[in-house]
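Numbering (the numbering used here), first residue to last: 1 to 118. For each residue, glycine too, the CB sits at the ideal point set by N, CA and C. Reviewing the structure listed below.
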Amino acid sequence: MSRLVVWHDGACPLCRREIALMRRLDRRGAIEFVDVAGDGDAVCPLDRETLLARFHAREDGRILSGAAAFAAMWRAIPLLRPLGLAARSPIVLAGLEAAYRLFLKVRPRLQALARRAG
């Protein structure tokens, strides 16, 4: 099995906090975290604007986005693996995707609050 790659927005305070938690939980080093907001030489399979608009991951050579990408990340972390496996159910994944889309609508306001609390 290949290493999971997760692309994230390192300029987003919410994303930074979540990725910091995921890094701590990823004790096996199963995930490669790539900050696409930075000006580094990150290898991106999609254009940066697309990667910054939604959460993306590559699992077993497939690019996933949104809730499916989160579920892949959860499957790579033993503590969260049951959640990731549950998301293989189309009904569960559809519910998670609906919640993720709602989050995306309020994300700018949450980012502003997180920056102020900073």
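{"Check": "Local conformation of Leu4 per DSSP, three classes", "Outcome": "strand"}
{"Check": "Val79 (DSSP reduced to helix, strand or coil)", "Outcome": "In the sequence on display, residue 79 carries Leu and not Val. Of the three classes helix, strand and coil, the one that applies to Leu79 here is coil, per DSSP."}
{"Check": "Ala57 in three-state terms, based on DSSP", "Outcome": "strand"}
{"Check": "DSSP three-state assignment for Arg28, whether helix, strand or coil", "Outcome": "coil"}
{"Check": "Simplified DSSP state of Leu51, which is helix, strand or coil", "Outcome": "helix"}
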